[in-house]
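I have placed the structure first, in the form of structure tokens, so that the comments after it can refer back to it.
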Amino acid sequence: MQRSKIKKESLEDPSVLFLGIPGPGLIGTMSMTYIIHALKMDLIGEIESSPSSVIFVDNGQMIGPVRIYKKDKIFAIISDIPIDYDNAIGFTESVIDFSKRNHIDFIVFLSGIQVQERNMSNLKTYGLVTHEKLEKLLYDNAIPKFLSGVISGPDATILSQLRNSLIPTIAFHTECNYFFPDPDAAIQTIKIISQIIKTEIDLTEFKKQADYLRLQNRQLMEDTLNVLQTQKESSTIPPQIYK
Amino acid sequence: MSDFGSFIEKQMNSFLEDSVFNDFIHKELVPLSHLNEKHSRLILEIDLPFVDKKNIEVTLSNDHLTVNAKLTKTFCISRGNVATEFDYFKKTIKIPNSVDMKQISATFKNGILKITMPKPVQGRKIPIK
């Protein structure tokens, strides 16, 4: 991945950057797509890989798969293709570079986590922060901390790089079906985002389209699992030493 | 309709508005599925959005299990000038030898078909002296 390219405007006074990439249950992608539509965020640029492996065409316009959106102080980077290991580092470097140049206060990374049994009527989202000052955000919004477990795959690569950067990051992992697109978990994630940005987001349209989203995202889910499975095989239970 | 609704509708139905499409293909969709092996059983989960329980047929023949499910709405995918319509999900899997065929059962909840395939109890108990 190359440095981010801002196409339409220079950015001023940014605050929060949301990251939504394909992962377990496609939580990041589905929730971020809806937020972008619900908040009517503007497309302001793309993060380009060189050369790009995919170009989407919409109404005769070429659109890159990894795009940057903005609305007031909220920024969003969304990817419509899985970020594999080869691209994860370059992608994160672009995100960090973008964040520094636009004075992002903190980054919010959206993903899912597989749980054996989950209460569908009360799905939980767990928060993980890289900098202590974000702990208050979890506390103020009654978001439980991600206390123990393993994060693997490109999520781990991205989060470990963000952790080493100077930009505070908060990761939200929502209980989800790991293997299928999970609109219910995406709805829970959107509710959390709504809390964080203190803006009510009407979920009516999302709920209406939930089954469409499951069908429409089948191929992306398969592609994502192919990337995730590579690492999942070697993921482990947290080591018990020092416990 | 909101932007999001329009966006999704556009994705689904754009081919209907485009008169240049001249090639319609009717196919069955292969649903997403996941096989999980537990200690005493195999669990096959199949994602079946837009499906009612009454429209699912699970059949077992020899060592193959086939799932047919009719969609409540036709799903369309367009690529260039070719539109493909899907009315059914269909998936066939070969059942592993280790499964007790008579004990296979299925449930359907939240759009996910869960087929449980118990493994037969094998071996003999060894007394401890």
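Going down the list, the sequences are from chains A and B.
With the numbering used here, the residue at position 64 of the first sequence is 64, and numbering never jumps.
To convert, count from 1 in the second sequence and add 1000; that's the numbering used here.
Where a beta carbon is used, it is the ideal one built from N, C-alpha and C, also for glycine.
(request) Using a cut-off of 9 angstroms between C-beta atoms, extract the partners of Asn1055/B located in chain A. (result) Going along chain A, no residue has its Cβ under 9 angstroms from Asn1055/B, so there is no contact; the nearest lies around 14 angstroms.
(message) Helix, strand or coil, according to DSSP, for His131/A in the structure here?
(response) coil
(request) Determine whether the Cβ of Tyr212/A lies closer than 9 angstroms to any Cβ atom of chain B. (result) Tyr212/A counts as touching chain B.
(message) Using a 10 Å radius around the Cβ and a threshold of 16 neighbouring Cβ atoms, would you call Asn1022/B buried or exposed?
(response) For Asn1022/B, the pLDDT reaches just 41, beneath the cut-off of 50, and the residue's location in the model is therefore unreliable, although a value from the coordinates is still provided. Classification for Asn1022/B: exposed.
(message) When you compare the CB positions of Gly1111/B and Arg214/A, do they come within less than 9 angstroms of one another, or not?
(response) Cβ atoms of Gly1111/B and Arg214/A: closer than 9 angstroms.
(request) Rounded to whole angstroms, what's the CA-CA distance from Arg1124/B to Ser1098/B? Just pull it up for me. (result) 16 angstroms
(request) Name the two residues that bound the continuous beta strand (DSSP E) containing Ala1069/B. (result) His1064 to Arg1079 is the extent of the beta strand (DSSP E) around Ala1069/B.
(request) Ignore the nearest five residues each way along the sequence and tell me which others in Lys1091/B's own chain have a CB closer than 8 angstroms to its CB. (result) Val1030, Pro1031, Ser1033, Ile1046, Thr1066 and Val1067
(request) Could you name the residues of chain B that Glu222/A contacts, counting a contact when the two beta carbons are closer than 8 angstroms? (result) Neighbours of Glu222/A on chain B, chain order: Leu1032.
(message) Given 8 angstroms as the limit, tell me if Phe179/A has its C-beta closer than that to any heavy atom belonging to the ligand SAH.
(response) The ligand SAH is absent from the structure shown, which contains no ligands of any kind.
(message) So that I know if they touch, is there some Cβ in chain B lying closer than 9 angstroms to that of Pro181/A?
(response) yes
(message) I'd like to confirm the pairing. Which residues does DSSP put opposite Thr174/A in its beta bridges?
(response) Gly112/A and Thr125/A
(request) Could you run through the stretch 1035-1065 of chain B and flag, in chain order, every residue whose CB is less than 8 angstroms away from some CB of chain A? (result) Glu1045, Asp1047, Pro1049 and Phe1050
(request) List the residues of chain B that Arg218/A touches, going by C-beta distances under 7 angstroms, in chain order. (result) Leu1032
(message) Quick test of your reading: Lys1114/B and Asp1100/B, contact by CB under 8 angstroms. State the CB separation rounded to the nearest angstrom.
(response) Contact flag wrong, Cβ pair sits at about 17 angstroms.
(request) Output the distance between the C-alpha atoms of Val16/A and Ile190/A, rounded to the nearest integer angstrom. (result) 15 angstroms
(message) So for Glu222/A, helix, strand or coil by DSSP?
(response) helix
(request) Determine whether the Cβ of Asp184/A lies closer than 9 angstroms to any Cβ atom of chain B. (result) Using a Cβ-Cβ cut-off of 9 angstroms, Asp184/A counts as an interface residue toward chain B, since at least one Cβ of chain B sits closer than that to its own.
(request) Tell me, to the nearest whole angstrom, how far the beta carbon of Val95/A is from that of Leu19/A; I am working on the premise that it is less than 8 angstroms. (result) 7 angstroms
(request) Identify each residue in the stretch 1090-1123 of chain B for which the Cβ-Cβ distance to at least one residue of chain A is less than 8 angstroms, and report them in chain order. (result) Asn1110, Gly1111 and Ile1112
(message) Considering only the alpha carbon of each residue, which of Tyr139/A, Ser111/A and Asn87/A lies closest to Ile196/A?
(response) Among Tyr139/A, Ser111/A and Asn87/A, the Cα nearest to that of Ile196/A belongs to Tyr139/A.
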